[in-house]
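Q: Dropping the structure in here first, questions after.
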Amino acid sequence: MNKNNQSLNCTTQNSLSINLAKTDSDRTVSSCSTYSDTSNSGSGNSFIETKRLWMLPLISSITFGAFFNVQFQSFIKQQLMDQMHMNNNDYALFVLIPTIPNIPLDLVIGPILDTIGARLGIIISTVFVAIGLAICMISISCHSFTGLIFGKSLLSVAAEAQGIGQGCVAGKWFTQKGLAMVFTVLSFLNKVASSSSGIIYPNLYNSSGSVMTPLGIGLGCILLTIIVSVGIYILDKRADEYEPAKNNENQVEKPKLQFSDIKKYDKMFWFIALQCPLMFGAFYSFMNYLQSILITKFFIDKTTASELVSIPYWIAMTTPIFGILADKYGKRLYFMCCTTFLSFLSALILLLVPTGENYPAVYISLIIFGVFLSMMCCFLYPNLPLLSEKYLLSTAFAICYATKNAGTAILNYLGGLIMKNDNSGYNNFLITFLFIYLTAFIISIGITLYDRKHGGIINSNTPQRYLEYIKQRRNGSTIN
Numbered sequence: 001m002n003k004n005n006q007s008l009n010c011t012t013q014n015s016l017s018i019n020l021a022k023t024d025s026d027r028t029v030s031s032c033s034t035y036s037d038t039s040n041s042g043s044g045n046s047f048i049e050t051k052r053l054w055m056l057p058l059i060s061s062i063t064f065g066a067f068f069n070v071q072f073q074s075f076i077k078q079q080l081m082d083q084m085h086m087n088n089n090d091y092a093l094f095v096l097i098p099t100i101p102n103i104p105l106d107l108v109i110g111p112i113l114d115t116i117g118a119r120l121g122i123i124i125s126t127v128f129v130a131i132g133l134a135i136c137m138i139s140i141s142c143h144s145f146t147g148l149i150f151g152k153s154l155l156s157v158a159a160e161a162q163g164i165g166q167g168c169v170a171g172k173w174f175t176q177k178g179l180a181m182v183f184t185v186l187s188f189l190n191k192v193a194s195s196s197s198g199i200i201y202p203n204l205y206n207s208s209g210s211v212m213t214p215l216g217i218g219l220g221c222i223l224l225t226i227i228v229s230v231g232i233y234i235l236d237k238r239a240d241e242y243e244p245a246k247n248n249e250n251q252v253e254k255p256k257l258q259f260s261d262i263k264k265y266d267k268m269f270w271f272i273a274l275q276c277p278l279m280f281g282a283f284y285s286f287m288n289y290l291q292s293i294l295i296t297k298f299f300i301d302k303t304t305a306s307e308l309v310s311i312p313y314w315i316a317m318t319t320p321i322f323g324i325l326a327d328k329y330g331k332r333l334y335f336m337c338c339t340t341f342l343s344f345l346s347a348l349i350l351l352l353v354p355t356g357e358n359y360p361a362v363y364i365s366l367i368i369f370g371v372f373l374s375m376m377c378c379f380l381y382p383n384l385p386l387l388s389e390k391y392l393l394s395t396a397f398a399i400c401y402a403t404k405n406a407g408t409a410i411l412n413y414l415g416g417l418i419m420k421n422d423n424s425g426y427n428n429f430l431i432t433f434l435f436i437y438l439t440a441f442i443i444s445i446g447i448t449l450y451d452r453k454h455g456g457i458i459n460s461n462t463p464q465r466y467l468e469y470i471k472q473r474r475n476g477s478t479i480n
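Using the numbering used here, read the sequence shown as starting at 1 and increasing by one per residue.
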């Protein structure tokens with residue numbers, strides 16, 4: 001997902017306000033503060049102070065339509081393949097190609113929004129989310145596979161841009177304390193959208209016999225968010241009329257990505273960058289084929305399997321709990337080890353359970369996978385502000401989201417090849433992802449040991465000290 005500049009206070013003092021974005025939402029928080037470099041973003045503006053609660057429901061719900069639809073293929077994979085006469089190779093291309101444009105987007109969307117303004121960017125991106133889904137619907141009705149890929153690509157790109165614009169406006173309107181609250185609400189609504197689509201999509205298909213019905217409902221949700229985007233534009237533009245002139249002095253100039261910056265990152269940052277495709281990338285790829293595994297290995301009907309796929313998203317609503325634990329107790333790297341182990345355990349259960357109906361094992365595995373998703377949101381990307389100096393933070397997020405998107409694209413395509421056209425490769429698929437999650441677990445242990453060797457700062461209750469440690473090491477001094 002994609003990043004604009006980040007306020008230092010928004011990112012380093014409260015991991016809760018970071019981890020609550022886009023698992024999607026992970027993407028929004030890191031872009032939340034192009035507007036201000038102070039913890040009192042929006043303070044001194046009488047309009048923002050009095051109308052902040054008006055903006056809250058608008059900015060929190062703007063991405064609901066996008067999250068409801070952007071992963072629709074995960075919930076109706078088999079139904080979509082049947083209606084479009086797709087085989088697994090076609091499906092692999094369908095989940096691969098729309099992901100590719102998002103790889104460089106982290107380096108492109110931010111400057112574009114800086115140029116046109118976040119509020120206008122929200123309107124434009126929301127309109128393109130609707131256009132993308134509409135193209136998908138037209139393509140399905142015409143049985144155009146090429147058109148379907150184009151529409152899904154546009155939908156995915158527009159959803160990325162929408163999330164970044166959302167974070168920028170939220171960073172302008174809410175203070176440090178307000179940010180924690182608004183991103184909690186934002187995360188909750190995003191997960192409600194993802195989870196409810198896992199129930200609504202398959203059931204509407206089951207009642208109508210066509211994927212057009214759930215897609216039509218999804219398009220209606222997006223059209224409503226276009227109205228919301230106009231409301232955001234009006235409020236935010238009005239707020240500018242009350243903006244004190246002195247706030248311009250606090251404006252943060254967006255640093256541009258430079259190759260020389262890469263040398264300034266600590267080794268621990270590169271460990272985290274390596275984890276992004278192995279954790280988030282593998283999660284999204286795994287979810288894209290989960291329905292087929294449930295149908296083929298556990299003899300679950302298509303509608304029920306689609307509903308079960310949404311379980312991890314429902315469980316992930318516990319994200320704020322783990323964010324509070326991280327803020328209060330630290331131990332972020334210990335939690336990361338637990339996180340990656342849970343992903344390994346979930347895949348292992350599905351692999352070891354014999355072929356045949358076994359609902360208890362499926363439920364246990366998917367609940368564990370949901371806890372993995374929830375913890376991953378808290379203990380992966382929120383570490384980046386602790387490992388990167390402020391002026392390099394947007395570049396850090398850009399690198400990590402690029403690696404995540406690249407991993408998602410590769411694993412999406414690889415998953416289709418392993419599953420084969422008849423889905424007979426489900427055990428090989430599980431074995432492959434088992435090794436991916438095992439690798440992530442081993443790297444998590446390595447990160448923990450590396451941190452312990454260098455003072456255990458990231459695992460402490462004051463991980464912000466690690467930035468000073470990096471600076472002193474760069475200057476040739478050491479800290480014991």
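The C-beta atom is built at its ideal place from N, Cα and C for all residues, glycine as well.
Need the endpoints of the alpha helix (DSSP H) that Ile311 sits in, please.
A: That run of the alpha helix (DSSP H) goes 311-315.
Q: Ser365 lies in the alpha helix (DSSP H); which residues open and close that run?
A: Segment 359-379, the alpha helix (DSSP H) holding Ser365.
Q: Within its chain, find whatever has a CB closer than 7 Å to the CB of Arg473; leave out the 5 residues flanking it on each side and keep chain order.
A: Cβ neighbours of Arg473 beyond the five flanking positions: none.
Q: Please determine, among Leu219, Ser346, Lys331, Phe280, the residue with the shortest C-alpha to C-alpha distance to Cys400.
A: It is Phe280.
Q: Please classify Ile242: does DSSP put it in a helix, a strand, or coil?
A: Looking at the sequence shown, residue 242 is not Ile but Tyr. DSSP places Tyr242 in coil when its eight states are reduced to three.
Q: DSSP state of Lys22, grouped into three classes?
A: Confidence in Lys22 is poor, its pLDDT being 42 and thus under 50, which makes the residue's placement unreliable; the coordinate value appears in the next sentence. Here Lys22 sits in strand by DSSP.
Q: Tell me whether the region 324-338 and the region 288-303 touch, counting them as touching only if at least three CB pairs, one residue from each stretch, are closer than 8 Å.
A: Judged by Cβ distances under 8 Å, the region 324-338 makes no contact with the region 288-303, as fewer than three pairs qualify.
Q: Beta-carbon within less than 6 Å of Ala396's beta-carbon, same chain only, minus the 5 sequence neighbours each way: which residues are those?
A: Closer than 6 Å at the Cβ level, and outside the excluded window around Ala396, lie Leu384, Ser388.
Q: Can you tell me which of the three DSSP states Met86 falls into?
A: Reduced to three states, the DSSP call for Met86 is coil.
Q: Three or more C-beta pairs closer than 8 Å, one from the region 61-81 and one from the region 264-278: is that the case here?
A: Contact between the region 61-81 and the region 264-278 is absent, because fewer than three Cβ pairs lie under 8 Å.
Q: Once DSSP output is grouped into helix, strand and coil, what is the label at Ile200?
A: If DSSP states are grouped into helix, strand and coil, Ile200 belongs with the helices.
Q: Using the three-state DSSP reduction, which class does Ser460 fall into: helix, strand or coil?
A: In this structure, Ser460 counts as coil in the three-state DSSP scheme.
Q: What residue from Val157, Leu56, Leu342, Gln71 has the CA that sits closest to Met287's CA?
A: For Met287, the nearest C-alpha among the options comes from Gln71.
Q: Considering only C-alpha positions, which residue in the set Ser156, Ala406, Gly117, Thr213 is nearest to Gln166?
A: For the residues Ser156, Ala406, Gly117, Thr213, the minimum Cα distance to Gln166 belongs to Gly117.
Q: Applying the criterion that 16 or more other CB atoms from any shown protein chain within 10 Å of the CB defines a buried residue, is Asn87 buried or exposed?
A: Exposed, because fewer than 16 other Cβ atoms sit within 10 Å of the Cβ of Asn87.
Q: Rounded to whole angstroms, what is the Cα-Cα separation between Leu148 and Leu224?
A: Taking the straight line joining both Cα atoms gives about 23 Å.
Q: If you count every other CB in all the chains shown that lies within 10 Å of the CB of Asn69, and 16 or more means buried, which is it?
A: Asn69 is buried by the Cβ-count criterion.
Q: Given a cut-off of 8 Å, decide if Gly330 and Ser460 are closer than it, judged by their beta-carbon atoms.
A: Yes, the pair counts as a contact, with Cβ atoms nearer than the cut-off.
Q: Checking 8 Å against the spacing of the C-beta atoms, do Gly370 and Ile311 come in under that value?
A: Contact: yes.
Q: Please report the distance separating the alpha-carbon of Leu155 from that of Trp173.
A: Rounded to the nearest angstrom, the two C-alpha atoms are 27 Å apart.
Q: What first and last residue would you give for the alpha helix (DSSP H) that runs through Asn423?
A: Element bounds for Asn423: n/a, residue is neither H nor E.
Q: If I measure Cβ to Cβ from Tyr469 and keep anything under 8 Å in the same chain, skipping five residues before and after, which residues do I get?
A: Correct list, in chain order: His454, Gly455, Ile457, Ile479.
Q: Taking Tyr233 and Ile123 to be in contact with their CB atoms under 8 Å, please state how far apart those CB atoms are, rounded to whole angstroms.
A: So it is a contact: roughly 6 Å between Cβ atoms.
Q: Do you know how far the Cα of Leu186 is from the Cα of Ile377?
A: It should be pointed out that residue 377 corresponds to Cys in this sequence rather than to Ile. Distance between the alpha carbons of Cys377 and Leu186 is about 14 Å.
Q: Taking only three categories from DSSP, how would you classify Ile76?
A: Note: Ile76 maps to coil in three-state DSSP.
Q: Could you check whether Ile103 and Ala402 sit closer than 8 Å to each other, using their CB atoms as the reference points?
A: Closer than 8 Å, so yes.
Q: State the DSSP-derived secondary structure class of Ser195, mapped to helix, strand or coil.
A: Here Ser195 sits in helix by DSSP.
Q: Mapping the DSSP letters down to three states, classify Pro385 as helix, strand or coil.
A: Pro385 falls in the helix class under three-state DSSP.
Q: Between the alpha carbons of Ser61 and Phe188, how many angstroms are there, rounded?
A: If I take the Cα positions, the gap works out to 10 Å.
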